[in-house]
Structures are given as C-alpha cells and as structure tokens.
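Reading through the structure tokens given below for one structure.
Residue numbers (the working numbering), protein chains in the order written: chain R, 84 to 366; chain Y, 84 to 366.
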C-alpha cells in the first residue's frame, strides 16, 4: 500500500495494535542496502513500513537536494516484492506545512549534541544531523514503530540516532544493519548513480583504504597516525579526501590507540560526488 | 503510587493499554493551580499520571534551581487525595544520567523556533524553553499519555509546547487550563512562597494591570501603545517590570491593533521574585 498523508498512516497503523511494527526510513532510490534493511525488518516484526522522503531540512544550501534521485514507482515496486505492508511517501508540504520556511526561526528542531555533530560529516554538513534527527523523530511519532532499521553505512547517523533515542527516551528499538557492497567492494549508495565508470573505479579506493587499515590493525599496528598514513598509497589526484578518522565506534570519541572498539571512517569526493564508507576494526 | 524509576513507569503503564492516559507535568510544590489540572485530567482520562521533577536544564545559572521549593511528601499526599494513579518523581540522574554534564555538548535537545523563543520570558531566560521542550518530550515518551495538561499561567510555554507537538507530530493532545487566582487576584505560583506579606500586596499590581488593560479594551481602546501605557499608574519603586506585551494569543505575533485574539502578558519582579501573569482580552 502506498500512502502520502500522515493521517492515512495513522488510520492504518491504529489497526495494528497487536502487531510489532518496523520502520525503515529511507530517502528512496532504493538499492540492495535498503532491501537488506527491509529483509531484516520482515524477520523481526509483523508489519513493515518503509518511508520514502527526500528530507529538505537535512541538505545544505549547496548540496544535492534538487538532483537527489527520486524513483518512487520503482521503489514502490521493490517494496511490494519484499512484502512491505506500507510505503509512506509524503510531500515536503505534508511533512513541514505549505508555508513553512524550514528554518529554526519557525520550526521546532531536534538538535543532537555538539560533541557528536562537530566531527566527520557534521563538520562540513552544518545542520545536517539536526535535520536528520528532526525528520526521524517525526517519522517515529507518525508511524509509532517498535523497531527502526538503519544501515551502518551512515555510521555517524546511527550513533547520533541511538543517542537521541537514549536522551529523549524514545520508545523505539534501533537495529543497525551491515554495509552492503558491490563485488568490487564499493559500498552501495544512492549517490553512486552520479558516478561514471571511471569514477566507480576510482571510488574503490575508499573500501581499499579501510580494508588495508583493518589488515594492518590485525597485524598488530594500533598507532592511529600510522594506520591513517597507510591510506596515502591509494589516493590520487582523482580523490578529494574530506576526512579519514579512527574513533570509538559507540561514542565517536578519539582513542589513544586503535582497539577492538575502533571504527575507521572515510569521506572522499570522486568526480565531485561525496562518498562515505567505514569499517569496524574488531570484526 | 509513587515511583522514581523510568522502567517502573513503563511497567505500570503497559498494563493500561485499553485506558486513556493523562499526564500532568509539574515541578512539584503543588497548589490549587496544579490541582485544577489534575481535576480536569481526571474528567478526561481513565488514568492520571502526575510528574514531579524540578528540571535542572530549564533553569539558567543565575536562577533559583537550588532554592526552588521541593515538597514531595505533601505533593504526593495532595495527589493521592485527588485520586491520581501514579506520581512519577525521578531524580536528575534518572532523567539525565549520573555523569551527564547537562549541556548541548553531550545531550540531545529539543529546540523550539527562535520566533517563539526570542520574546517574553525567553528573552531573559536563555535556553529555558529548550530545557522545557526537552523534558516534556522525555516525559511524553516515558509515560506515553493520550492527553497532557498545562496551565495558561505559563502562556508562552503552552504555545511553544503546542508548536512542538505540531512540528514533531507528537501523538499527545494538549489541554490548556485557565489560571487559578487567590481571591485577591494574585495568580497562584510556587514562587509566591518567596514573597513576604508586603510583597504579596505589591504583587497584586500584575493582575490589576492586566484586568485594567482588558477593561480598557472592552471600552473600545485597541491601540496597543495606549493599552500598555495604562499600566504605569500601578507601578511603584517596588516593581521591576521585565515586560508587558499584547500579542496574538496563538502565535505570539505582534498585532497592529488589539483584537479578540489578543493576550496581554506581564513579567515583573517584586522583592526580586520573578512573577508572571497574563489575560485574554477577548474573554
């Protein structure tokens, strides 16, 4: 079932009082990564809701909100094949009102802590995680799921959403699912569509760098500067590195040495497409 | 029943699935104003929860958090007499964690829009309404009430909470209840306890000013500057006026002329105790 209105969602889910409900929040342009979340949700819950919403308030003014891929017909078909019970695809006006200026002058925002935001993607994407937390909490309040499913690909996002759920006592369990990759190692992303064939080849550097860091860690290297330095062999003039960090996977705190709780995270532009990836060193 | 732990509240309320649940959030030091909210809640819902929590994150560093009256035994007795089903009185550590620094560096906050915050009490109480919205959303998520009851006394607070509920799709209905006054006209407030007998007499100026503004409006005066000027006859050197405003009661927008949607709001210190009051001109 495909619905566009908040009230319709509420009318449907109120008949599911005796079911466990899963929410898989997406921005559409669904790929195997999203489908892995949906499959997991089907395993865990009686009813699965997928939201498809390109959320304007999580894009900066110079970002790709307008050109972000929108493929609702195909997304709905994929969801139907997976047995999704409800696809919720609201308009921006449905979510934020017709005349909403979408600024913190006129809209209530959920603001995650600076400590979690002022690093990694949050450093360049100012306000991004405020927009993410705000829309995720709205979706939680509309759908009232028991479980919500997020991909580890957006590692900082998952940590921040778990923190929001903890801090605000949100009655939803967060399930984090592993990154899905092409056979080449490239992490799936809706933004991969922007890449040429050459770009996709150059994009392999991200997963190669992370795999190599993990291999070095497994060999006993725990010095974080040394582990990060191993990246430079993979980077060419085709790569515009934004960050490469090794942090505590649960708190995003800096560590003195890499350990079994470390995560390595990278953001790099290829053909001016911003790509991110990460890996747990302990796995 | 008096409980102090979040998990206890959840265990109790999950057995109330077929009941409508009311929440009356308070900071304790209960007076007839709070009791009027509880009575209304009893009328509307099957189960009534009263929270008693002096919320540290809504007090500024120079405000009265430490000396704010705490009278839990008496509050619990009053609630029991009114037939309240559950009194939830958590510690700050239960709400925010033992080591929580209670800043937006480490804690997720709910931030109402600047337009609603940057006036009236929000102008001098910086961060106050972020703290209010954050704790109210936490309490909503813990108790999961159908209805929540707030007094019109804190008029800006009610407008901001209604805005939060709207913006974040919070599944709780907000019920606003009238101000309760002493026979003298003084609006009830837990902070009235700080006043001497002389202070209480001087505090009458607030309700007198508001009543007179409404009387003038009823006589046909709609010029806002003229209405505000009528206040000065009531103010002495015992009064430290913080603000006197006439605004739209639903949006807190400035108006060209007073009308049936106007609210007059005043904040004034007497004996260095900050008192607030308000009145609807159309009633």
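In this text, a Cβ means the ideal position worked out from N, Cα and C, and glycines have one as well.
For clarity, every value in this text was computed on a predicted model and none was experimentally measured.
| query | result |
| --- | --- |
| Can you give the beta carbon distance from residue 121(Y) to residue 86(Y), rounded, assuming they're within the 8 Å contact cut? | Not confirmed; about 17 Å, so no contact. |
| Measuring alpha carbon to alpha carbon, tell me which of 300(R), 222(R), 357(R) and 110(R) ends up nearest residue 277(R). | 357(R) |
| Taking any Cβ of chain Y, which residues in the segment 218 to 244 of chain R have a Cβ under 7 Å from it, in chain order? | 220, 221, 224, 225 and 227 |
| What ranges does the alpha helix (DSSP H) occupy inside the segment 181 to 246 of chain Y, keeping only unbroken runs of at least 4 residues that lie completely in it? | 197 to 200, 203 to 207 and 211 to 226 |
| For a test of the three-state rule: what should DSSP assign to residue 319(R), helix, strand or coil? | coil |
| What does residue 259(Y) pair with, by DSSP beta-bridge criteria? | 233(Y) |
| Which whole-angstrom value describes the C-beta separation of residue 378(Y) and residue 185(Y), a residue pair presumed to lie in contact below a C-beta threshold of 8 Å? | Not covered by the structure: residue 378(Y). The range shown for chain Y is 84 to 366. |
| Should residue 275(Y) be labelled buried (16 or more other beta-carbon atoms within 10 Å of its own) or exposed? | buried |
| According to the Cβ coordinates, are residue 131(R) and residue 123(R) closer than 7 Å? | no |
| To which residues of the same chain is residue 102(Y) closer than 8 Å at the C-beta, ignoring the five residues directly before and after it? | 128, 129 and 130 |
| On the criterion of 16 or more Cβ atoms from any shown chain inside 10 Å, does residue 334(Y) qualify as buried, or is it exposed? | exposed |
| Select from the segment 179 to 196 of chain Y all residues with a C-beta closer than 7 Å to any C-beta belonging to chain R, and list them in chain order. | 187, 188, 189, 190, 191, 192, 193, 194, 195 and 196 |
| Kindly indicate which residue of 305(Y), 316(Y) and 246(Y) has the alpha-carbon position closest to the one of residue 215(Y). | 246(Y) |
| Quick check: the Cα distance between residue 163(Y) and residue 199(R), rounded to an integer number of angstroms? | 43 Å |
| Helix or strand or just coil, what does DSSP make of residue 254(R)? | coil |
| Quick one: Cα of residue 349(Y) to Cα of residue 146(Y), how far? | 19 Å |
| In whole angstroms, what separates the C-alpha of residue 189(R) from that of residue 154(R)? | 30 Å |
| How many angstroms separate the CA atom of residue 284(R) from the CA atom of residue 353(R)? | 10 Å |
| Specify, as a first and last residue, the run of the beta strand (DSSP E) that residue 145(Y) falls within. | Looking at the DSSP string, residue 145(Y) is not in any beta strand (DSSP E), and its letter there is neither H nor E. |
| At the level of alpha carbons, what is the spacing between residue 254(R) and residue 138(Y)? | 21 Å |
| Beta-carbon within less than 7 Å of residue 324(R)'s beta-carbon, same chain only, minus the 5 sequence neighbours each way: which residues are those? | 318 and 351 |
| Quick one: what's got a C-beta closer than 7 Å to residue 208(Y)'s C-beta in the same chain, skipping five residues either side? | 143 |
| Measuring CB to CB, does residue 273(Y) end up less than 7 Å from residue 152(Y)? | yes |
| Residues in its own chain within less than 7 Å of residue 192(Y) by CB, not counting five upstream and five downstream? | 213 and 217 |
| Contact defined as beta carbons within less than 8 Å: I believe residue 295(Y) pairs with residue 313(Y). What is the distance between those atoms, to the nearest angstrom? | 6 Å |
| Use the C-beta contact count for residue 211(Y): other C-beta atoms within 10 angstroms, 16 or more gives buried, fewer gives exposed. | buried |
| Just grab the DSSP bridge partners of residue 109(R) for me. | 135(R) |
| Shorter than 7 Å from the beta carbon of residue 256(R) to some beta carbon of chain Y? | no |
| Would you identify the three-state DSSP class for residue 156(R), choosing helix, strand or coil? | helix |
| So with CB distances below 8 Å, who are the chain Y contacts of residue 253(R)? | 224 |
| Please identify, using Cβ separations under 9 Å, the residues of the segment 196 to 212 of chain R that lie next to chain Y, in order along the chain. | 196, 197, 198, 199 and 201 |
| Compute every distance between the C-beta of residue 358(R) and the non-hydrogen atoms of the ligand NAP, then say whether any falls below 6 Å. | Annotation note on the ligand NAP: not contained in the displayed structure, which lists no ligands. |
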